[in-house]
Each structure stands twice: as C-alpha cells, then as structure tokens.
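In my numbering, the protein residues as written are 52 to 387.
In structure tokens, the structure reads:
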C-alpha cells in the first residue's frame, strides 16, 4: 500500500525540522530551555551550588559559620559597655582560631578589620550629625565645628598612647586573664557608680556646648580602654557623664568618637597586617564578618539608645561580672 503525503497536522513542527537540519549539517541540536532547567532542578545540591561551595571551602582558615559568629559578636558588643575585644579574644580561643604563633597577627587584624561593619553602622545611623560636622569643617555650622573639634581632640590621647605602647599592650594584655580581670573590675565599678546615681539617665550638657576641655578629659578616659576587656564604650560614656554631659549626649559622643577611633585603628591594622590576614583567611570570610557586624551593630545601637533613656548601666556591670566568672571557670578547667 502506497503511502500518501503526511497530513499537515502530523508533520514535524519547526523545532523538530530545525533539529533535523542541524543534524544534517553536522551540528548538535540545542536542547530546549525547559529541558535544561528540568535537569538543573534534578541535579544534586552540591552540583548546583558547586562554585559557591568551592569559594567557601577555600576561603581560608575560617569557616563560614566562624565568620558569621565573629561578625555578630563584634557588632553586638562593640558599642555596648562590655568590651568587644575581650569577647573576640575569648571566642577565638573557644573556636581554636588564630592560636598558632604565626596566626596571631592575622586573627587580631581580622578582628579589627570586621570593625568596619560597626563603623558603617554608626555612619548610617548618625549621617545627619556627620553632615553637620562636615558643614562645621567648611565654616557653615558652629555647632558642627564644635562637635568635630571635640571628637578629634578626644581621639588624640588614646592614639598617642596606643602607638607608643602598642607592643607592650599586645604582648602583656592580649590574654584571657587580663580580660577577665578587666571585666570583673569594670563590672564592680559600674555597679557601685550606678548605685550612687552617677550612671543614671539625667539631663546635662548637650553636644552643642561641649568644650575642648570636656573632650580631652573624655579622651583620657578612653586611654583606659587600651586594656582589653575594659570597653572603650564604657570608658567614654562614664567619662562624658563625669564631665557633665547628659546620658543622651554621652552615648552619642561615645559613638562618634568610636567612629573615628575604630576607623583609624582599622586603617592602621590593615596597612600593617592586611596581607597577613588575607593569606590566612582569604577575602570572603572578612567580608562575611563585616556584613554580620554591620547588622548586629545597628540592632545593638538602637537597643542601647532606647534602653539608656530609662535605665542606668547596672545591667552591664552584672553581665561583666557574670561573663568574667564563666570564662575564668572555663580557663581554670582547661576548656579554653
């Protein structure tokens, strides 16, 4: 029986015809997009995300989880009066990161590098104040000029002492026991001062009337924070309250001074040990830590501002004593 012509409805459609033409010309047919997507959905998870997994796996001596933990701890503790340096030092011991002699500079540089997240948090939350300070630098705002001068003056004492005594500070004080002592002593002082009303919310001078004398005294208080575990935030807030600033002004000035101090410390450490950090940990984990620190710092700053409107600093004193006791016990038992 002879076959007639194939009805139009049974003929191969344009996609099939193009595939046949490609085969005749020695070319491979292009698979439909839907088929390729179907294969991708059916592929194992490790195959689909292999590039990302390889990036994380080769990011250096820190895992992705370690980087997130470091960033969160840095961000949450940087502006609270409980010492971020102390927490990062203990966390490194717990995770057994940076404990080898050749990794010490790298982990210290990493801890300072992720401070950039906390720096950006202050810049974002206080952008209007920074805009006023810039106007002050150009002579368009007297109050902005006053605050700018005060912040720069307050930065000087710690910068000078830190540069002169850097080696001694790192060799003698960057250990768990000095941090525990600073936590405990600082906690007791905070509780005592709070009970006498020194650290309670109160009215006082605003930043618009802060003087160079006030700024230098606050800057001298910040020098105490060169001892890890003391807390730069605690030292500057207490110093600002003692010279007569209101609680609101003291907290804000502490944040502004922290922005300058942390920016300078970060830049200095990156110039000196940035390459060492990258060789040890790569670039991916510092970036992750920075982003985690930014988010945590924003949350921490907003919470602290709201809390100190109605409470004193006593809760932070009790926390310091508690964490000092826990860490001392862990060290004594050889856990860390």
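Where is the CB? At the ideal position from N, CA and C, for every residue including glycine.
Keep in mind that this is a model prediction, so the values were computed, not measured.
Starting from residue i, trace the alpha helix (DSSP H) both ways and give me its first and last residue.
{"i": "residue 383", "result": "365 to 383"}
{"i": "residue 228", "result": "227 to 246"}
{"i": "residue 122", "result": "115 to 129"}
{"i": "residue 324", "result": "298 to 332"}
{"i": "residue 156", "result": "155 to 164"}
{"i": "residue 275", "result": "Per DSSP, residue 275 belongs to no alpha helix (DSSP H) and is neither H nor E."}
{"i": "residue 136", "result": "135 to 146"}
{"i": "residue 222", "result": "217 to 224"}
{"i": "residue 283", "result": "283 to 293"}
How should residue i be labelled, buried or exposed, when 16 other C-beta atoms within 10 angstroms of its C-beta is the threshold for buried?
{"i": "residue 165", "result": "buried"}
{"i": "residue 375", "result": "buried"}
{"i": "residue 178", "result": "exposed"}
{"i": "residue 125", "result": "buried"}
{"i": "residue 259", "result": "exposed"}
{"i": "residue 294", "result": "buried"}
{"i": "residue 202", "result": "buried"}
{"i": "residue 238", "result": "buried"}
{"i": "residue 65", "result": "Note that residue 65 scores 49 on pLDDT, short of 50, meaning its location in the model is unreliable; the coordinates nonetheless yield the value given after this. With fewer than 16 Cβ atoms within 10 Å of its Cβ, residue 65 is classed as exposed."}
{"i": "residue 383", "result": "exposed"}
{"i": "residue 247", "result": "exposed"}
{"i": "residue 324", "result": "buried"}
{"i": "residue 180", "result": "buried"}
{"i": "residue 223", "result": "exposed"}
{"i": "residue 273", "result": "buried"}
{"i": "residue 219", "result": "exposed"}
{"i": "residue 391", "result": "Outside the modelled stretch of the chain, which goes from 52 to 387, sits residue 391, for which no answer is possible."}
{"i": "residue 290", "result": "buried"}
{"i": "residue 357", "result": "exposed"}
Mapping DSSP to helix, strand and coil, what is residue i?
{"i": "residue 88", "result": "Bear in mind that the predicted position of residue 88 carries a pLDDT of just 44, short of 50, making it too unreliable to give a figure here."}
{"i": "residue 338", "result": "helix"}
{"i": "residue 174", "result": "helix"}
{"i": "residue 250", "result": "coil"}
Of all the options the options, which has the alpha carbon lying nearest to the alpha carbon of residue i?
{"i": "residue 208", "options": "289, 341, 321, 308", "result": "308"}
{"i": "residue 230", "options": "144, 362, 350", "result": "144"}
{"i": "residue 18", "options": "256, 187, 221, 117", "result": "Look at the range of the chain in this structure, 52 to 387, and you will see that residue 18 is not part of it."}
{"i": "residue 370", "options": "278, 233, 300, 296", "result": "233"}
{"i": "residue 120", "options": "322, 210, 340", "result": "340"}
{"i": "residue 355", "options": "252, 312, 379, 329", "result": "252"}
{"i": "residue 159", "options": "238, 127, 279, 347", "result": "279"}
{"i": "residue 236", "options": "248, 275, 185", "result": "275"}
{"i": "residue 277", "options": "384, 188, 216", "result": "216"}
{"i": "residue 284", "options": "367, 387, 362", "result": "367"}
{"i": "residue 385", "options": "326, 299, 372, 227", "result": "227"}
{"i": "residue 267", "options": "316, 288, 206", "result": "206"}
{"i": "residue 135", "options": "155, 169, 154", "result": "169"}
{"i": "residue 211", "options": "337, 329, 312", "result": "312"}
{"i": "residue 361", "options": "299, 337, 373, 349", "result": "299"}
Does the distance between the C-beta of residue i and the nearest non-hydrogen atom of the ligand FAD fall short of 7 Å?
{"i": "residue 205", "result": "What this structure holds is no ligand at all, so the ligand FAD is not there to describe."}
Does the Cβ-Cβ distance between residue i and residue j come in under 8 Å?
{"i": "residue 332", "j": "residue 161", "result": "yes"}
{"i": "residue 302", "j": "residue 359", "result": "yes"}
{"i": "residue 319", "j": "residue 171", "result": "no"}
{"i": "residue 261", "j": "residue 173", "result": "no"}
{"i": "residue 388", "j": "residue 351", "result": "Given that the chain is displayed from residue 52 to residue 387, the structure contains no residue 388 and the question cannot be resolved."}
{"i": "residue 391", "j": "residue 282", "result": "With the chain covering 52 to 387 only, the question about residue 391 has no answer from this structure."}
{"i": "residue 270", "j": "residue 204", "result": "yes"}
{"i": "residue 175", "j": "residue 347", "result": "no"}
{"i": "residue 387", "j": "residue 381", "result": "yes"}
{"i": "residue 249", "j": "residue 292", "result": "yes"}
{"i": "residue 117", "j": "residue 141", "result": "no"}
{"i": "residue 397", "j": "residue 297", "result": "This structure does not reach residue 397, given that the chain is present from 52 up to 387, and the question cannot be answered."}
{"i": "residue 343", "j": "residue 241", "result": "no"}
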